[in-house]
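Using my numbering, read the sequence shown as starting at 111 and increasing by one per residue. Glycine is no exception: its CB is placed at the ideal position from the N, C-alpha and C atoms. Here is the structure we will look at, set down as structure tokens.
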Amino acid sequence: MNKNAHQLFAIGLATVFAYLFDINLFILPFILILAFFIGSFPDKDLEWGIGHRGVTHSLLFFFLMALLCTFGVFYFYAILESAIGVPVFEAEVDENFIPIFFTKLSSLDMDVIFNDGFFKLFAFFFSSFFSHFILDIITLSGLDVTKEVHISGSIRSNNTFFNFFFGSVGLITFFISLIFIILREISGTIFEWSTWFYIIDGGLIVIIFIISIGMKFKKIKEDYTCFDYDKKVQLCIPKGTCIQLGSGKDDLICNE
Ligand SMILES: [Zn+2]
């Protein structure tokens, strides 16, 4: 997908997390700007000449970068808090937030962990990076998920319709989530129909994801024919091609 589609989709997903995790309004504008740039950041590999869709598109990279952003924002606000003397973040955020977070983590109490400011912010940044992964994996080139597994879809990354579609979904999700956040701030309650919005919104993405990946598998099945070779190995050969498996005449296998 193109830069704009990645950036808009990233802030859409990030605002959903900001809403679900009730992220402090003082830091929201700042971290949304970060999420916007994070959305297209993995494609910097094109400028750096380190091979496209390699290390900057891996889950480990997303994890480490999200961790780095979280530390950065926490320290920035811890410094800001002590400088202006006004609490801008939740009470748990001070210079001891890392040991406090690990104490909570070791409790294995999910309610406690999910409500920790550090965890919320990490989830927020990880989702911004992960949004890039979602949009790249459904394209024809796809991505390496692990060293052995490569997943790709059937959408061309320069497809005008899909770039417009994902950009629009991101933008609409961003604005509607922002309205949900403002309404909650005013009334102090959450709205039941916000759940329905996210079910429809997320469901649409999941459907496109499944269709794109699914079509690719179907295409492989249509174009290739598989045989049991030697009763042990299954061979799949594209239509109209032959494979020479050994030096003998019988070792030439064709799919007419
Ligand atoms: Zn990419």
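With DSSP run on the structure shown, which of helix, strand or coil describes residue i?
| i | result |
| --- | --- |
| I353 | strand |
| H162 | coil |
| L288 | helix |
| I310 | helix |
| D153 | helix |
| I133 | coil |
| L253 | strand |
| I296 | helix |
| G182 | helix |
| S267 | coil |
| S278 | helix |
| S322 | helix |
| S216 | helix |
| A201 | Note that A201 has pLDDT 42, beneath the 50 cutoff, so the model's placement of it is unreliable and the number below is only indicative. A201 falls in the coil class under three-state DSSP. |
| K359 | helix |
| S168 | coil |
| F173 | helix |
| F272 | helix |
Nearest CA to the CA of residue i: which residue from the options?
| i | options | result |
| --- | --- | --- |
| I248 | G263, V259, V255 and F236 | G263 |
| I141 | L174, A120 and H116 | A120 |
| L293 | D132, A124 and L123 | D132 |
| F181 | F274, F236 and P139 | F236 |
| H167 | C364, V259 and D153 | D153 |
| T256 | P348, F136, L169 and E366 | L169 |
| V183 | D219, N134 and G159 | N134 |
| E295 | V259, Y129 and C179 | Y129 |
| F186 | I137, F146 and I143 | I137 |
Which residues mark the beginning and the end of the alpha helix (DSSP H) in which residue i is found?
| i | result |
| --- | --- |
| N114 | K113 to L130 |
| I247 | G227 to I247 |
| P139 | L138 to S150 |
Between which two residues does the beta strand (DSSP E) carrying residue i extend?
| i | result |
| --- | --- |
| L362 | L362 to N365 |
Quickly, what does DSSP pair residue i with across the bridge? List them, please.
| i | result |
| --- | --- |
| I261 | L253 |
Apart from the five residues just before and just after residue i, which ones in its own chain have a Cβ nearer than 8 Å to its Cβ?
| i | result |
| --- | --- |
| S251 | R163, S262 and S267 |
| G161 | D155 |
| G358 | none |
| F147 | Q117 |
Considering only residues of the same chain and omitting the five flanking positions on each side of residue i, which have a CB-CB separation below 7 Å?
| i | result |
| --- | --- |
| L245 | M111, A115, H116, F119 and F276 |
| F127 | A233, F234 and S237 |
| L370 | What is shown of the chain runs 111 to 366, which leaves residue 370 out entirely. |
| F307 | I286 |
| V165 | F171 |
| Q354 | D361 and L362 |
| L177 | F232 |
Return the chain-ordered list of same chain residues with a C-beta closer than 6 Å to the C-beta of residue i, the five sequence neighbours on each side being excluded.
| i | result |
| --- | --- |
| C364 | C352 |
| G122 | G280, T283 and F284 |
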